[in-house]
Every structure is written in structure tokens, then in C-alpha cells.
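Structure first, commentary second.
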Amino acid sequence: METGTSTIAAIATALSPSGISIVRVSGPKAWTIVDEVFRTPGGKQNLLSQKSHTIHYGNIWDEGELIDEVLVMLMKGPRTFTAEDTVEIDCHGGVFVTQRVLETVLKHGARPAEPGEFTKRAFLNGRMDLSEAEAVIDVIHAKNNFALKASMNQLKGSVAEKIRGLRDQILDAIAFIEAALDDPEHISMDGYAEELNRQLDPMIREMERLIRRSENGKILSEGIRTVIMGKPNAGKSSLLNVLTGQERAIVTDIAGTTRDVLEEQVRIGDIGFSIVDTAGIRQTEDIVEKIGVKKAKEEANDADLILYVADSSVPLDENDREILSFIQEKRAIILLNKNDLQTCVGPEDLRQAGAKQPILSISARREEGMEELERVLKQMFLDGEITSNDEVVITNLRHRTCLEEARTSLCMVKQSIDEGMPEDFYTIDLMEAYTKLGYILGEEVEEDLVNRIFEKFCMGK
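All residue numbers for the sequence shown refer to the numbering used here, where the first residue is 17 and numbers rise by one.
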């Protein structure tokens, strides 16, 4: 893949009324194009003679018409984001004036940038590898502190460093086998199969650790989809209101008030949650309520976490047992609500009914037990390893798939060793593992995949 020779331009900030907007221009003619439309208050200033990484005050003109008062930042490649000559025009933040500045630049020889094309050029010009380029969009879309930290670590090369380390070990093994096969008189393979077998074990364990923790990493970066379940009038809507800090759900003493799905975004500590309040689970002949119960179960099936709200003031019944059976193998927390009333159900009753998950005593009405809920959530999703600033967490599904395929290839090498296969069989699967890991960095990756990745970017980035 080669980078284009055209000069591209786009609005790099949100297109909305604001203090300033930035129009970014990148390519071989970036300085020349902006020089044609820029004037200082004292008249024409030749930008081409100016030093790199300097800022200049003046105006943008279009065929004798003053467009806007601006600051122009000049940057010579390769010390730029794209590794190309780049100009950033800081103009006033009005939607119309920003578009006029961009139109003027396009009129003088630039072409509109495609989504993600600036970052794509950074990748194609060797400014960053593909994992770092993908981290750029992850930083932009970060929904919580964990997602931001993970994306920034990846942008700084944490994933690339880990993957390159694994690839170097695999390449060393391939090189030794190939050399020994080419020169058996001077390089002995005696005992090497056993040695290679020992070398593969820590590599496979490292890949499995990254794969295992990628599940939590993806959930945490995208937000934890959480469904509140329970019988009618158990306090589900009250819990939603407490978690959101506002009266989002109707709360009454009438059972079955919630008929539809209500979703809210909540942040608890550093964790982002998409909280879904659902209809109460119970046997009913009401057609509308039946639909609500069906939708509640569908939402719960797709959830990352279930908060089962049980009413401690009334005995457990078949509806409770149905819910406990439903969540038996799911990630869930059981909230024994209404501890401010006279209770007749305790944790031991839930355990006898088959509850396996953590059980917390709360009062949604009095907002009691929320601190303990937050503690359990952090313990469940943010263990000590995953919160370390220096820890590599895979949050990208493409990266995880490549790791799984590379691990499979290394396991096949071990199988070949166990079965006493010739050494040249090892190199086939070793090279496959090496290649799959290279896909994460963008090596040997096909152009259509690169295009699909950068199509997800916003315009101007």
C-alpha cells in the first residue's frame, strides 16, 4: 500500500457553534495552498519561507473577499501527525465561516479528506502501527476513565510492544530451525524439540492471559450493559432513579407500572453502565404486560450484568424462583431490597432457593447500600490486574481474534512435537502464528481491511 500524493483538507473539530474551529490540511502542497489564500494585516506574507512549527496571524481571503481572521500553524513533515507537510487553520467557530474557510482551501487545490484519512496516512507513512492507529478512534470514543487509559496506553504502543515481543520469540525459533535444516553439520537439532516445547508454554500463557482479560476489557471500554430484573413492585424503578440521580422511572405502589424497557447511562466510579429497567417478571394474563415480560427476558439474555431486585418484605414465590433459575449461570448481583421495612426474606432463604451470586441488603427508597453495591461492582469488573496503568488490556475484537488464531497455531506446534513430527512441520505453524500477530500491527494486512478500519473514523481525523 502506498500513500497518496494528493493534498487533503477537512474540518478537524466538531461542526457546531464554538469559540474556534480547526481546518486541517495535509500533503505535499499544504503550505502552497494555504499560502495562496492567507494574508497578514500588513499585506502578503510568503508562508513558504517561514520556519516549521510556527504560528502566524492573518486573514483568509477568497478572490478578494475577506473570509475570516485566523491563526495558521505551519508544520513540516515528517514531524507531524501524518508525517507529511501540514497546516492547521484556527478560525472562528461558526458553522458557516468554518465551511467557507474549508471551501476556500479546496478551491485552491486540496481535495476533501475521507473519514480517518489523516490517521490512515500516519499509518501508511510509518508514523504509527495499525494497533496505535486504531487506538486513536478508541480515545475519541472513550466513555469512561478505564477506556481512556486503555486507549492511551495502546496509543503509546503498549499493545505493539507486547506483540512485537511475542513475534521476536517466534522468529528466533523459526530462524534456528531453518538454519539447522540448511546446515545440519554445524547446527544440531538434538534435544531442540523439547527446548522449543518449553519455550512455547510461556508464550501461550501470555496470549491466553491477554485473551481472557480482553472480555472484561471490551465490556469496560464500551460500558457494561446492565439489566434490572425482579417481580413487579420489588423496587426496580426506584433503584434506577437512585443510580441515575433523577426521577427517570415512575414509582408507585401499583404492581406492573413498568411495561416497557427504559434505558439510562450511568457512571459508577470509573465504570460506565447502560442501565436497563424492565417490566416485572410474573405470570400474567395481561397481553401488554406479557409483552413487557418477554422483552425483559430478551434484554437480560444479552446483558453483561443482571441486577436482580428481590423484595425482602414478602415471601419468595414461584416468580422469584423462576428468576433465580434464569440467572443461575449468568453474571449477576442479587439486591435484597426494602430492608427499611419488616423483612421476611433473608440471604439464607435466597441461598436455599438456589442463589449463587453476591447478595446485598439495600433500601432503594432510602438510598441505603449503594456504597456496598459500588464496591462489589468494582471488585467484579476491576480486579487489581486490570486497573494497573502499565497493564496491557486488549479491547479490540480484531486484536483478540488474531491472538486466538496465533495461540491455536502455537498449540499445533506443541501437538507436532508430541507426535514426533519432523522439525520442518514446526515452522509452518510458527510462521502462521507470527503472521497472525503481525496483522495486529498492520504488517501483511490487506488494503481492504485497512480501508474498513479507517472508514469508522470521524471526518477530519
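C-beta atoms are modelled at their ideal positions from N, C-alpha and C, and glycine is treated no differently. The structure displayed is predicted, hence computed values, not measured ones.
For Ala26, the enclosing beta strand (DSSP E) covers residues 24-27.
Judged by DSSP secondary structure, Cys418 falls within the alpha helix (DSSP H) whose first and last residues are 413-434.
Given a length threshold of 3 residues, each whole run of the beta strand (DSSP E) inside the region 19-94 is given here in chain order: 24-27, 36-42, 70-78, 81-91. With distances taken between CA atoms, Val409 lies nearest to Ile179 out of Ile179, Thr21, Tyr324, Lys247. Excluding sequence positions up to five before and after Ala195, its CB lies within less than 7 Å of the CB of Ile203, all in the same chain and listed in chain order. By the Cβ rule, the region 343-363 counts as touching the region 308-323, because three or more pairs are nearer than 8 Å. Here Arg214 has no same chain residue with a Cβ atom under 7 Å from its own Cβ, once five neighbours each way along the sequence are excluded. Going by C-alpha positions, Phe289 is about 22 Å away from Ile339.
Beta-bridge analysis with DSSP links Val292 to Val243, Glu279.
For Val325, the beta-bridge partners assigned by DSSP are Gly246, Leu351.
The alpha carbon of Lys92 has as its nearest neighbour, out of Val103, Gly362, Glu463, Leu278, the alpha carbon of Val103. Under the three-state reduction of DSSP, Thr102 is assigned to strand. For the pair Ala380 and Leu332, the CB atoms are not nearer than the 7 Å cut-off. Around the beta carbon of Asp51, 16 or more other beta carbons lie within 10 angstroms, which makes this residue buried. In the DSSP assignment, His202 forms no beta bridge with any residue. Each residue's CA atom was taken as its position, placing Arg183 and Val39 some 40 Å apart.
Relative to Ala250, the option among Asp199, Ser341, Val361, Asn467 whose CA is nearest is Val361.
Asp154 has its alpha-carbon roughly 29 Å from the corresponding atom of Leu87.
For Phe192, the CB contacts under 8 Å within the same chain, skipping 5 residues up- and downstream, are Ile203, Tyr208 in chain order. A contact is defined here as three or more CB-CB pairs under 8 Å, and the region 25-45 meets this definition with respect to the region 125-143. Per the C-alpha coordinates, the member of Leu90, Leu140, Trp77 positioned closest to Val113 is Trp77.
A straight-line Cα-Cα distance of about 7 Å links Leu256 and Ile291.
For the pair Asp293 and Val111, the Cα-to-Cα distance works out to about 39 Å. Rounded to whole angstroms, the separation of the alpha carbons of Thr48 and Glu81 is 19 Å.
According to DSSP, Leu453 shares a beta bridge with no other residue. By the criterion of a C-beta distance shorter than 7 Å, Val53 is surrounded in its chain by Ile76, Trp77, Asp78, Thr120, Val121, His124, once the five residues flanking it on both sides are discounted.
Within the DSSP bridge table, the entry for Leu376 names Leu351 as partners.
Counted as a single uninterrupted DSSP element, the stretch harbouring Pro438 is not any alpha helix (DSSP H), since DSSP gives it neither H nor E.
Beta-bridge annotation (DSSP): His124 is not paired with any residue.
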